[in-house]
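Asker:
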Amino acid sequence: MVADRNFAPLSYGIILGRTSEQFSSVEVGLKITDAKVLVCSPGRNFVTLKIQTDEGFYGLGDATLNGRELAVASYLNDHLVPCLIDRDPSQIEDTWQYLYRGAYWRRGPVTMTAIAAVDMALWDIKGKVLDTPVYNLLGGRSRTGVLVYGHANGADIEATCNEVARYIGLGYRAIRAQSGVPGLASTYGVSKNQRAYEPAEKGLPLENAWDTEKYLLHVPKLFESLRLRFGDDIRLLHDAHHRLTPIEAARLGKSLEPYHLFWLEDAVTAELQEGFRVVRQHTTTPLAVGEVFNTVWDAQELITGQLIDYLRMTVVHGGGITHLKKVAALAEIYHVQTGCHGATDLSPVAMAAALHFDLAIPNFGIQEYMRHTKETDEVFPHAYYFDDGYLHPGEKPGLGVEYDEKLASKFPYERAYLPVNRKTDGTMWNW
Ligand code: CS2
Ligand code: MG
Numbered sequence: 002m003v004a005d006r007n008f009a010p011l012s013y014g015i016i017l018g019r020t021s022e023q024f025s026s027v028e029v030g031l032k033i034t035d036a037k038v039l040v041c042s043p044g045r046n047f048v049t050l051k052i053q054t055d056e057g058f059y060g061l062g063d064a065t066l067n068g069r070e071l072a073v074a075s076y077l078n079d080h081l082v083p084c085l086i087d088r089d090p091s092q093i094e095d096t097w098q099y100l101y102r103g104a105y106w107r108r109g110p111v112t113m114t115a116i117a118a119v120d121m122a123l124w125d126i127k128g129k130v131l132d133t134p135v136y137n138l139l140g141g142r143s144r145t146g147v148l149v150y151g152h153a154n155g156a157d158i159e160a161t162c163n164e165v166a167r168y169i170g171l172g173y174r175a176i177r178a179q180s181g182v183p184g185l186a187s188t189y190g191v192s193k194n195q196r197a198y199e200p201a202e203k204g205l206p207l208e209n210a211w212d213t214e215k216y217l218l219h220v221p222k223l224f225e226s227l228r229l230r231f232g233d234d235i236r237l238l239h240d241a242h243h244r245l246t247p248i249e250a251a252r253l254g255k256s257l258e259p260y261h262l263f264w265l266e267d268a269v270t271a272e273l274q275e276g277f278r279v280v281r282q283h284t285t286t287p288l289a290v291g292e293v294f295n296t297v298w299d300a301q302e303l304i305t306g307q308l309i310d311y312l313r314m315t316v317v318h319g320g321g322i323t324h325l326k327k328v329a330a331l332a333e334i335y336h337v338q339t340g341c342h343g344a345t346d347l348s349p350v351a352m353a354a355a356l357h358f359d360l361a362i363p364n365f366g367i368q369e370y371m372r373h374t375k376e377t378d379e380v381f382p383h384a385y386y387f388d389d390g391y392l393h394p395g396e397k398p399g400l401g402v403e404y405d406e407k408l409a410s411k412f413p414y415e416r417a418y419l420p421v422n423r424k425t426d427g428t429m430w431n432w
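Residue 432 is where the sequence shown ends in our numbering, and the numbering goes up by one at each step.
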């Protein structure tokens, strides 16, 4: 059918086979009729936005902000949902601009996670209406699959090496390795019970004790053991979780050079983006940062100054697919690749959105993949799948994720927090 001048050019009315007589000049096809904020806890907390339209199409967006979930739920329920009703769901860019610029108060994790949820849901709807997976709407495949890295962690070096062996056995080609540090009772990123670690814990925040010197002496020994046992081919990654000052991070990067890491992540926090310049001046270990970033402004200097190699921003905390593709386009010019955050606190909806994005953009680097629990996968049945070290988003129209509301209602929300970090003398520490 040829587009009629009476239709808005991006209207779904054309796709749905309507004729101009069925519309007045202001009608543009689908309308958003409802948007529900769904909160559940199948092992951990998730907030999901479900946008419904008058033609029965619906879209899902992840709105989970670990440890601060209900703030986003309120932002959506109290402030965004009323603005969505009766809008045309095909106008993704305009809706993004409306919610971002229209708020007056820009940026911040709560705002940008809420906007991301709307954005993801609208891309999901667009894919379903056009009967195609979202990656096709982003320019189509740029690769055959999405290279992922898994998490191997253990109480000590030997336990971590054994975990790496297990991941290699599962087909992973890239593995993040974390180990407990001798002399410290617990370390973030390392579970106490040999199970996959879960970033947040129920109850009040747990407190970890931290000693930078012990850590800096230990980590090179871990990677020396890993290279001796597994050779040079496997890609190895490490996350410092923002615990170091720039010069400490520079020392760590330098001491890890013989073991040629794929990346050293979150060596320092990046509120002070130029802090990375110090690290960069001293080491050739590739640097990754950005899982806590929410707009391009958090990474602008890091990208344009070529201070990092991989940007960890992801769809759910980075303003959605609409914003992240612009950030990636800026990064592409400066030889920065993506490495989207993918811990278990990002729901399968965010994981699917990341995979469509990863498959399509030219400067994709790697995708983090921490497997969800069986309960989570059952609440969010999804088309994406792991095969031989790669994830594939699948061919279902839209994002390819469902939400089982009945099952989800059996898992009510439980408050949980990320741990707090203190130095051994009690000082709050998490640069
Ligand atoms: C970690 C996460 O996956 C990562 O790289 O840093 O565990 C992160 O701390 C959590 O996702 C925070 O919610
Ligand atoms: Mg991290």
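Glycine included, every Cβ here is placed at the ideal spot set by N, Cα and C.
1) Does Ser410 come out as helix, strand or coil in the three-state DSSP assignment?
2) Say whether the segment 395 to 402 touches the segment 168 to 185, bearing in mind that this needs 3 or more beta-carbon pairs closer than 8 Å, one atom from each stretch.
3) Please report how far the alpha carbon of Thr246 lies from the alpha carbon of Glu302, in whole angstroms.
4) Given this structure, state the Cα-to-Cα distance separating Phe381 from Ala289, to the nearest angstrom.
5) For ligand 1, any of its heavy atoms closer than 7 Å to the Cβ of Glu164?
6) Give me, in chain order, the residues of the same chain whose beta-carbon lies closer than 7 Å to that of Ala186; leave out the 5 immediate sequence neighbours on both sides.
7) Ends of the alpha helix (DSSP H) at Ile86?
8) Since Arg88 and Thr96 are thought to touch, with beta carbons under 8 Å apart, how far apart are those beta carbons, to the nearest angstrom?
9) Sorted by chain position, which residues of the same chain lie with C-beta nearer than 7 Å to Leu223's C-beta, five sequence neighbours on each side aside?
10) Is it right to say Gly340 is buried, meaning 16 or more other beta carbons lie within 10 angstroms of its own, or is it exposed?
11) Is the beta carbon of Asn431 within less than 7 Å of some heavy atom of ligand 1?
12) Along the beta strand (DSSP E) that carries Cys41, what are the first and last residues, could you check?
13) Bridge partners of Arg236, per DSSP?
14) Could you check the C-alpha separation between Val421 and Thr428 for me, to the nearest Å?
15) Can you tell me whether Met371 is helix, strand or coil according to DSSP?
16) From Leu139 to Glu415, what distance separates their C-alpha atoms?
17) Consult DSSP for Asp388 and reduce its assignment to one of helix, strand or coil.
18) Given this structure, state the Cα-to-Cα distance separating Lys326 from Met121, to the nearest angstrom.
19) Using the C-alpha atoms, what's the distance from Pro287 back to Leu265?
20) Please report the residue range of the alpha helix (DSSP H) in which Ile93 lies.
21) So what's Met429 in DSSP terms, helix, strand or just coil?
22) Using the rule of at least 16 other Cβ atoms within 10 Å of the residue's Cβ for burial, across every protein chain shown, is Gln330 buried or exposed?
23) Alpha carbons only, please: which of Lys407, Leu237, Ile309 is nearest the one belonging to Val269?
Answerer: This is what the structure holds:
1) Numbered from its first residue, the sequence shown carries residue 410 at position 409. Correct three-state label for Ser410: coil.
2) no
3) On the sequence shown, residue 246 is found 245 positions in, with the first residue counted as 1. On the sequence shown, residue 302 is found 301 positions in, with the first residue counted as 1. Each residue's alpha carbon lies about 18 Å from the other.
4) Reading the sequence shown from its first residue, position 380 is the one you call residue 381. Reading the sequence shown from its first residue, position 288 is the one you call residue 289. So the alpha carbons of these two residues sit roughly 29 Å apart.
5) Within the sequence shown, numbered from 1, the residue matching residue 164 stands at position 163. The answer is no for Glu164.
6) Locating residue 186 in the sequence shown gives position 185, where the first residue counts as 1. So the qualifying residues of the chain are Ala210.
7) If you number the sequence shown from 1, residue 86 lands on position 85. Unbroken run through Ile86: none, as it is neither H nor E.
8) Here residue 88 is taken as the residue at index 87 of the sequence shown, counted from 1. Here residue 96 is taken as the residue at index 95 of the sequence shown, counted from 1. Indeed they touch by this definition, with Cβ atoms about 6 Å apart.
9) Looking up residue 223 in the sequence shown gives position 222. Ile158, Thr161, Ala178, Ser180, listed in sequence order.
10) Position 339 of the sequence shown, counted from the first residue, corresponds to residue 340. Buried, by the Cβ-count rule.
11) Here residue 431 corresponds to residue number 430 of the sequence shown, with the count starting at 1. No; taking the cut-off as 7 Å, the Cβ of Asn431 has no heavy atom of ligand 1 nearer than that.
12) Stepping through the sequence shown from its first residue, residue 41 is reached at position 40. Per DSSP, Cys41 belongs to the beta strand (DSSP E) from 33 to 41.
13) On the sequence shown, residue 236 is found 235 positions in, with the first residue counted as 1. Answer is Ala175, bridged to Arg236.
14) For the purposes of this step, residue 421 is taken as the residue at position 420 of the sequence shown. For the purposes of this step, residue 428 is taken as the residue at position 427 of the sequence shown. So the alpha carbons of these two residues sit roughly 11 Å apart.
15) Translated into the one-based positions of the sequence shown, residue 371 becomes position 370. Note: Met371 maps to coil in three-state DSSP.
16) The residue given as residue 139 occupies position 138 in the sequence shown. The residue given as residue 415 occupies position 414 in the sequence shown. So the two alpha carbons sit approximately 36 Å from each other.
17) Numbered from 1 along the sequence shown, position 387 holds the residue referred to as residue 388. Here Asp388 sits in strand by DSSP.
18) Within the sequence shown, residue 326 is the residue found at index 325, counting from 1. Within the sequence shown, residue 121 is the residue found at index 120, counting from 1. Computed Cα separation, rounded: 12 Å.
19) Residue 265 sits at position 264 when you count from the first residue of the sequence shown. Residue 287 sits at position 286 when you count from the first residue of the sequence shown. Cα to Cα, the separation comes out at about 6 Å.
20) On the sequence shown, position 92 is the one that residue 93 refers to. Looking at the DSSP string, the run of the alpha helix (DSSP H) that includes Ile93 is 93 to 102.
21) Along the sequence shown, read from residue 1 onward, the residue named residue 429 stands at position 428. Reduced to three states, the DSSP call for Met429 is strand.
22) Working through the sequence shown from its first residue, we reach residue 330 at position 329. The sequence shown places Ala at residue 330, not Gln. Flag for Ala330 reads exposed.
23) The residue labelled residue 269 in the question sits at position 268 within the sequence shown. When only C-alpha atoms are compared, the closest one is Ile309.
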